[in-house]
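Trainee:
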Amino acid sequence: MSTRYLNFIRSISICPTSRLGVILVVLSFVCLVILELARLLGIITSAFAGLITYMLFPALFVIGLVLIPVGWCRIRKKTGKTTRELIEKRFESDAVKGGFLVSRLARTIALLSVISIVFLAGFSMRMLSFMDQPVFCGTACHSVMNPEWVTYQQSPHSRVACVECHVGEGAVSLIDSKLNGMWQMVSVTFDILERPIPTPVHQLRPARETCEKCHWPEKFYGNRIKRIVHYDTDEASTPKYTTLSLKVDIGDQASQQGIHWHVAEENEVRYSSLDDERESMVWVESKQPDGNIKRYTNRELVDSGSEREDIRQLDCVDCHNRATHIYEMALHAVDKRIQLGQMERSLPFLKREAVGAITANYPTKEAAMDGIANHMHGFYRRNFPDIANNKIAQINSTVAVLQQIHSRNIHSEMNITWDTYPNHIGHANNKGCFRCHNSNLVDQEGESITYDCSYCHSILAYDSDEPFRFLQTADTTSLDYQMHLYLQEEFLNSSKTGH
Ligand code: HEC
Ligand code: HEC
Ligand code: HEC
Ligand code: HEC
Ligand code: HEC
């Protein structure tokens with residue numbers, strides 16, 4: 477049996493071209509099987525090896541298959557013999573006895589063709605599903621997607637595949653995304669990619685197809701308490717609390733309405749922006765309960781006649797543009813690590829120095845890692861020699877945390893720094909909600925979209941010593957004394973249970 481196939485292989489290698497074809501087919505087949513086994517057994521995990529397994533070797537396999545008949549045609553031309561004569565010469569004399577179609581040779585060729593087709597089809601399926609895995613998207617073109625990959629892994633969506641958000645359902649979006657991916661590979665290879673990758677992603681699938689598979693607007697109700705801690709730049713890095721009760725409700729006609737009102741089934745907000753970044757609105761429209769459209773026009777832009785036809789319906793991503801690729805601001809990153817107890821607040825001027833260390837300008841990643849360590853150790857050696865000696869372990873672990881903050885947020889190879897990718901939730905670091913909720917966007921009566929401070933949240937504490945104003949000692953003479961005690965009690969109880 478095996479000698480039959482060996483003979484077959486020898487016989488079809490009629491000239492150097494066919495021989496090369498045969499070698500390519502056999503070698504790529506063997507390599508593919510070995511690599512695939514290694515992947516299945518978990519010996520190889522790298523995305524780059526996967527790229528080779530699923531793209532390079534199948535390509536070589538096909539090229540090999542094509543080269544074999546090409547060689548035969550060339551020999552036929554050169555020698556002037558017919559295919560039948562060549563077959564009789566190359567194979568045993570009885571190979572095509574009784575007609576080619578019923579011969580053993582034809583059966584062998586048919587069998588090998590079927591095997592090749594099944595084999596290639598199987599690998600194409602594997603390739604498609606492999607390319608849908610986050611580790612492929614995130615690491616195949618390493619330095620390019622590294623920022624997105626790093627932020628993704630630390631996000632609430634680290635178990636959601638990239639394609640769940642970036643590729644919609646159906647064959648059209650599949651083909652679309654593969655073409656897009658191919659273009660990306662070309663642009664990476666020839667280094668014509670934009671660095672940083674521009675945001676927003678204009679061809680992102682509509683949120684109705686992606687986000688709403690897992691979060692549907694009806695799920696939002698009530699308020700969400702958000703406690704934000706900022707540490708001062710004084711010696712003790714004193715904590716200051718801001719507590720918001722965010723009105724995340726979707727609302728309905730009867731009840732009070734909230735932040736997710738924009739995405740309720742019956743509502744619709746559309747806008748036209750002056751820039752690709754969707755930062756300056758030309759006009760904003762909202763559908764009224766009676767079905768009429770109410771338009772708010774930017775009175776600063778109206779006279780300049782800057783109407784654009786780039787109209788968009790507001791969806792999840794207009795607010796949650798950093799749902800997954802969450803870059804931190806330096807101040808917040810340090811605040812968060814102190815709050816989590818990852819850095820020792822007893823180190824004097826911790827907040828001030830930590831922020832200084834990570835926001836200095838460093839030419840390379842290595843320089844940044846060294847610079848952060850030198851900054852912190854240097855500061856304590858110069859100003860607090862005792863602490864530099866006694867708390868060396870705490871300083872070292874602080875340095876490690878700061879280096880980690882820097883690596884997560886700064887990607888100089890992609891020109892990404894602290895404020896490259898704005899976060900549109902809220903309004904702390906950029907306009908965010910205030911892109912629309914401001915005094916410039918007015919309707920025909922001159923009425924603006926509300927920007928009242930208690931429209932979106934109640935402020936329970938603002939930069940205060942306690943996270944909730946009723947946690948401060950109650951004033952016994954106040955009329956609110958009983959109420960104060962009651963709310964204090966309630967807040968403490970609800971914090972305990974984590975609500
Ligand atoms: C939960 C949904 C979600 C997942 C999962 C997700 N992304 Fe994104 N991605 C987004 C959103 C939202 C944006 C910003 C879109 C905008 O503002 O238009 C974005 C933006 C991007 C950008 C453009 C740069 C930027 O930050 O704006 C790239 C590149 C990207 N994602 C790659 C990836 C890769 C690679 C993965 C998997 C490792 C991934 N994404 C997983 C939702 C997601
Ligand atoms: C495949 C399911 C899935 C998809 C698709 C998805 N999410 Fe999520 N999302 C989750 C899960 C799971 C969590 C985590 C819940 C938790 O940690 O309690 C989450 C959490 C969130 C949170 C809360 C984060 C926090 O800090 O509490 C937001 C906001 C969010 N997703 C927005 C989005 C947006 C916007 C999209 C579309 C771009 C999206 N999600 C797509 C499953 C998904
Ligand atoms: C107008 C802006 C806006 C739009 C549009 C929007 N959200 Fe939100 N969403 C918010 C804000 C603000 C919060 C509260 C943020 C926080 O807790 O820090 C929030 C909170 C959430 C949460 C966490 C809720 C919770 O109760 O813990 C999820 C999940 C979420 N949004 C998903 C979505 C999805 C999915 C869509 C699209 C269907 C969407 N959002 C549309 C502004 C928006
Ligand atoms: C693209 C423009 C746009 C953006 C961005 C935007 N909004 Fe709105 N928002 C509107 C419009 C328009 C209305 C409806 C105003 C009206 O006609 O009453 C509205 C209404 C609201 C309402 C009240 C709903 C009701 O009728 O009771 C809340 C609350 C709200 N927005 C919160 C937010 C928050 C929070 C953000 C940022 C995370 C945000 N919005 C971002 C355009 C926007
Ligand atoms: C259109 C809705 C909206 C309006 C109007 C609004 N805010 Fe906010 N604000 C938000 C949202 C949403 C967040 C939460 C962002 C987040 O989840 O981090 C926020 C966060 C904050 C924070 C915490 C920021 C931080 O990180 O420390 C403060 C303080 C604040 N708002 C004050 C105000 C004040 C003062 C006004 C009135 C001038 C106001 N807000 C008006 C939506 C709004």
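Following the working numbering, the numbering of the sequence shown begins with 477 at its first residue and continues without gaps.
Each residue gets a CB set at the ideal place from its N, CA and C atoms; glycine is no exception.
DSSP on ALA864, reduced to helix/strand/coil?
Mentor: Note: ALA864 maps to helix in three-state DSSP.
Trainee: Helix, strand or coil: how does DSSP classify ASP794 here?
Mentor: Here ASP794 sits in helix by DSSP.
Trainee: Which of helix, strand or coil does DSSP assign to HIS975?
Mentor: Residue placement at HIS975 is poorly supported in this model, since its pLDDT is 39, which falls under 50; the coordinates still yield a value, given next. In the structure shown, HIS975 sits in coil (DSSP, three-state: anything other than H, G, I, E or B).
Trainee: Which ranges does the alpha helix (DSSP H) cover as unbroken runs of at least 4 residues, wholly within the region 806-835, from first to last along the chain?
Mentor: Runs found: 806-815, 826-835.
Trainee: In three-state terms, what does DSSP make of VAL611?
Mentor: DSSP places VAL611 in helix when its eight states are reduced to three.
Trainee: Can you tell me whether GLU965 is buried or exposed, with buried defined as 16 or more other CB within 10 angstroms of its CB?
Mentor: Exposed is the call here.
Trainee: Based on DSSP bridge pairs, tell me the residues matched to THR800.
Mentor: The partner list for THR800 (beta bridge, DSSP) is empty, contrary to what the question assumes.
Trainee: Taking TYR707 as part of the beta strand (DSSP E), name the residues at either end of that continuous run.
Mentor: Residues 700-707.
Trainee: Please return the same chain residues whose Cβ sits closer than 6 Å to the Cβ of LEU508, not counting the five positions on each side in sequence.
Mentor: Excluding sequence neighbours, LEU508 sits near PHE533.
Trainee: Pick out the complete alpha helix (DSSP H) segments inside the region 512-567, 4 residues or longer, and give them in chain order.
Mentor: List check, alpha helix (DSSP H) in window: 523-527, 533-555, 559-566.
Trainee: Could you pull the DSSP bridge partners for TYR772 from this structure?
Mentor: Answer is VAL760, bridged to TYR772.
Trainee: Terminal residues of the continuous alpha helix (DSSP H) containing SER478?
Mentor: Where SER478 is concerned, the enclosing alpha helix (DSSP H) stretches over 478-488.
Trainee: Have a look at the DSSP bridge pairing and note the partners of GLN789.
Mentor: For GLN789, which the question treats as bridged, DSSP gives the partners ARG746.
Trainee: As a quick exercise: from PHE855, GLN629, ILE651, pick the residue whose alpha carbon is nearest that of ARG884.
Mentor: Selected option, being the one with the closest Cα: GLN629.
Trainee: Is the Cβ-Cβ distance between PHE944 and LEU961 less than 9 Å?
Mentor: No; because the gap between Cβ atoms is not below 9 Å, this pair is not in contact.
Trainee: Pairing CB atoms from the region 617-625 with CB atoms from the region 661-669, are three or more of them under 8 Å?
Mentor: Counting Cβ pairs under 8 Å, three or more are found: they touch.
Trainee: Between SER934, GLY547, ALA535, PHE567, which has its C-alpha nearest PRO492's C-alpha?
Mentor: For PRO492, the nearest C-alpha among the options comes from GLY547.
Trainee: Going by beta carbon distance, what residues of the same chain come within less than 6 Å of VAL639, once the five residues before and after it are set aside?
Mentor: Cβ within range, chain order: ASP608.
Trainee: Does ligand 1 have a heavy atom nearer than 8 Å to the CB of GLU640?
Mentor: Result yes, Cβ under 8 Å from ligand 1.
Trainee: Mind reading off the beta-carbon distance from GLN879 to GLU820? Whole number of angstroms is fine, and I expect it under 8 Å.
Mentor: With a Cβ gap of about 16 Å, GLN879 and GLU820 do not count as contacting.
Trainee: Which term fits CYS929, buried or exposed, when burial requires 16 or more other beta carbons within 10 angstroms of its beta carbon?
Mentor: Exposed, by the Cβ-count rule.
Trainee: Is the beta carbon of LEU917 closer than 9 Å to that of ASN774?
Mentor: Yes, they are a contact pair.
Trainee: In whole angstroms, what separates the C-alpha of ILE802 from that of ILE901?
Mentor: Spanning the two alpha carbons is a distance of roughly 11 Å.
Trainee: Measuring alpha carbon to alpha carbon, tell me which of ILE848, PRO693, PHE825 ends up nearest THR835.
Mentor: Answer by Cα proximity: ILE848.
Trainee: Hey, out of ILE726, ALA809, ARG771, whose CA is closest to CYS912's CA?
Mentor: Ranking ILE726, ALA809, ARG771 by Cα distance to CYS912 puts ARG771 first.
Trainee: Taking 9 Å as the cut-off, decide whether the C-beta atoms of ALA535 and TYR717 are in contact.
Mentor: Cβ distance not < 9 Å, so ALA535 and TYR717 don't count as in contact.
Trainee: Report back the beta-carbon spacing between ALA525 and LEU503 to the nearest angstrom; my notes put them in contact at under 8 Å.
Mentor: Not confirmed; about 17 Å, so no contact.
Trainee: Pick out the complete beta strand (DSSP E) segments inside the region 869-946, 3 residues or longer, and give them in chain order.
Mentor: Counting whole runs of 3 or more residues, the region 869-946 contains the beta strand (DSSP E) stretches 933-940.
Trainee: Just mark CYS690 as buried or exposed, buried being the case when its beta carbon has 16 or more other beta carbons within 10 Å.
Mentor: It is exposed - the Cβ of CYS690 has fewer than 16 other Cβ atoms within 10 Å.
Trainee: Does the beta-carbon of GLY974 have 16 or more other beta-carbons within 10 angstroms, so that it is buried, or is it exposed?
Mentor: For GLY974, the predicted model reports a pLDDT of 40, less than 50, meaning its position is unreliable; a value from the coordinates is still stated below. GLY974 is exposed by the Cβ-count criterion.
Trainee: Roughly how many angstroms separate the alpha carbons of MET621 and ALA809, rounded to a whole number?
Mentor: Whole-angstrom Cα-Cα distance: 22 Å.
Trainee: Determine contact between the region 818-832 and the region 707-723, defined as no fewer than three beta-carbon pairs at a distance below 8 Å.
Mentor: The answer is yes - the region 707-723 touches the region 818-832, with three or more Cβ pairs under 8 Å.
Trainee: Which first and last residues belong to the beta strand (DSSP E) in which PRO665 is found?
Mentor: Rather than Pro, the amino acid found at residue 665 in this sequence is Thr. Here THR665 belongs to no beta strand (DSSP E); instead the alpha helix (DSSP H) covers 647-665.
Trainee: For LYS702 and ILE935, what's the separation of their Cα atoms in angstroms?
Mentor: Roughly 10 Å separates the two Cα atoms.
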